[in-house]
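See below for the structure under consideration.
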Amino acid sequence: MKLGLVVPGGVARTSEDGRIPCLHWLIERLARRHEVHVYSLRGAPRPDRYSFLGATVHHAGVRPLSLRTLAAIVAEHGRRPFDLLHAFWVTPPGVIAAWAGTMIRRPVLLHVGGNEVVALPEIRYGGLSTRRGRFWVRVGLAGATRITAASQPMLDVIRARGHTAERVPLGVALERWCVAAPRPRRAGATARLVHVADLNLVKDQTTLLEAARRLAERGVVFQLDIAGRDTLGGAVANLARQCGVGDHVRFHGHLPHERLHALVTEADLLWLSSRHEAGPLVVLEAAVVGVPTVGTAVGHVAEWAPEAAVAVPVCDPEALARETVRLLGDEARRLSLAREAQRRALACDADWTACRFESLYDKIVNGARPNGRDR
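Here it is as structure tokens:
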């Protein structure tokens, strides 16, 4: 097949646009069996075209990005027709794919993977927080032939918007993120907690550090490693000091994937404090190396609990601390969670993800359209 992928970014020649590993892994696998063209909305200051993991990447480069990307898709279709367009995130990739699909009369598969279908007005987050955002989300969803998302909670949100969706987690490439068996924790050893996320309001490191303060007050001996870009100008590090846990917390900043693998593998627990997640990938990555998650009831944590993760309410540091203490005190349960989480993550690795999408491609190209009218 000839496939056109529309992505928000993550495929630049350099890492400056914030690489998205799960997209790399998918592109690499699809390009082995298909002709793949990737249309990226971020990552180049000027129009560009180059080979990337066996695919061809197209950058519009300059404004108006959406219209230039749309024109590039139509032009490439004129050279040799696409079989299908595949968009990642509703806005703007899904909207662009919907327009292009209508113009070239080709089906569109849409993967909802970001903040598009939520509204958290208290932190000005989410595609549904504004009238304009809600309009474009409606356009993107309505223009899709089929819709997928990474976790059951996301499917529920999409269903509430009047659309059906299928669960397709964006899995881990095991040749790039090697498997490790769950590691027993030595009694009395310092508890190793890891948090992997950019420092921002939706990841809610305030809840994370308030929970850390409660661990310290309970006398828990622990170390919290935080890896991610700081988008808040040092506010999280200042809060760690104000909470009295500065000596317990190490800020690593953004880490290359290889160093991140080592950091996560050494942990006893992954800590997640997000107000919203579609996945996230790090829960799967931690599971692959035998590390279970205690975190807020979002994405994979919500759908895996209680057999493969521990879920607590959003914005509840007391619950996060309490359940962490319980799990650190019950090694048999921690290892049981780790084994079940690993089983689930390995069952939907990057190879599985690519095969699942390819199966959907076949059904879409050769079948009916459950999400709306036929093209």
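If you're matching positions, the sequence shown starts at 219 in this note's numbering and goes up one per residue. All residues carry an ideal CB built from backbone N, CA and C; glycine is no exception. Just so we're clear, the structure is a prediction, and the values are computed from it rather than from any experiment.
Opposing strand residues paired with residue i [DSSP bridges]
i	result
Glu294	DSSP lists no partner for Glu294.
Leu221	Val254, Leu302
His276	Tyr257, Arg267
Thr511	Leu488
Val414	Ala445
Ala409	Phe440
Tyr343	Leu338
Ala367	Val330, Arg385
Val528	Val512
Trp469	Correcting the residue identity first, residue 469 is Phe in this sequence and not Trp. In the DSSP output, where bridge partners are listed per residue, Phe469 has Ile444.
Presumed contact (8 Å Cβ cut-off) between residue i and residue j, rounded CB distance
i	j	result
His252	Leu221	5 Å
Gly272	Pro400	About 34 Å; that fails the 8 Å criterion.
Leu338	His494	7 Å
His466	Ala520	27 Å between Cβ atoms; not a contact.
Val500	Val397	About 16 Å; that fails the 8 Å criterion.
Arg468	Asp486	No, Arg468 and Asp486 are not in contact; Cβ-Cβ is about 15 Å, not under 8 Å.
Ala368	Ala526	Wrong, their Cβ atoms sit about 15 Å apart, outside the cutoff.
Asp416	Ser492	So it is not a contact: roughly 11 Å between Cβ atoms.
Ala597	Gly361	Nothing can be reported for residue 597: it is not among the residues displayed for the chain, which extend from 219 to 593.
Pro402	Leu555	The pair is not a contact, with the Cβ atoms about 13 Å apart (cut-off 8 Å).
Exposure label - residue i; buried when at least 16 CB within 10 Å
i	result
Ser269	exposed
Thr348	exposed
Pro531	exposed
Phe353	exposed
Leu460	Per the sequence shown, residue 460 should be read as Gln rather than Leu. When all chains shown are included, Gln460 counts as exposed.
His518	buried
Arg597	Outside the shown range of the chain (219 to 593) lies residue 597, about which nothing can therefore be said.
Pro226	buried
Arg447	exposed
Thr542	buried
Arg591	Residue confidence is low: Arg591 scores 36 on pLDDT, short of 50, so the model does not pin down where it sits. No coordinate-derived value is stated.
Pro282	exposed
Cys573	exposed
Ala480	exposed
Arg562	buried
Gly345	buried
Gly510	The question names Gly, but residue 510 in the sequence shown is Pro. It is buried - the Cβ of Pro510 has at least 16 other Cβ atoms within 10 Å.
Ile341	exposed
Arg432	buried
His277	buried
Ala378	exposed
His255	buried
Pro474	exposed
Arg247	buried
His295	buried
Val414	buried
Pro263	exposed
Selected residue, minimal CA-CA separation from residue i, among the options
i	options	result
Ser577	Gly319, Val386, Leu285	Val386
Gly380	Leu285, Ser369, Arg364	Arg364
Leu457	Val254, Leu442, Glu484, Thr424	Thr424
Pro320	His329, Ala523, Gly358, Leu490	Reading off the sequence shown, one finds Thr at residue 320, where the question assumed Pro. Answer by Cα proximity: Gly358.
Leu419	His479, Arg356, Asn333, Val275	Asn333
Thr274	Ala485, Arg231, Ala480, Arg323	Arg231
Pro412	Glu384, His276, Gly296, Glu484	Before going on, a small fix: residue 412 reads as Val here, not Pro. Of the listed residues, the one whose Cα sits closest to Val412 is Glu484.
Pro310	His295, Arg260, His276	Arg260
Lys581	Glu384, Ala453, His475, Leu490	Glu384
Ala559	His242, Asp548, Val528, Val583	Val528
Gln370	Gly331, Gly452, Pro402	Gly331
Ala249	Thr449, Tyr343, Arg403, Met219	Met219
Gly452	Val463, Gly471, Pro239, Ala434	Gly471
Leu538	Ile314, Arg267, Glu428	Glu428
Gly279	Tyr257, Arg356, Cys240	Tyr257
Arg297	Gly585, Gly312, Ile322, Ser284	Ile322
Leu545	Trp489, Pro498, Cys533	Trp489
### Query
Is the region 399-416 touching the region 367-379, taking contact as three or more C-beta pairs under 8 Å?
no
### Message
Measuring CB atoms only, is the region 564-584 touching the region 389-400, in the sense that at least three cross pairs come out at less than 8 Å?
### Response
yes
### Message
Does the structure place the region 430-438 close enough to the region 508-528 that three or more beta carbon pairs sit under 8 Å?
### Response
Between the region 508-528 and the region 430-438, the count of C-beta pairs closer than 8 Å stays below three; the two stretches do not touch.
### Task
Spell out a yes or no on whether the region 296-315 and the region 324-331 are touching, meaning 3 or more CB-CB pairs, one atom from each, closer than 8 Å.
yes
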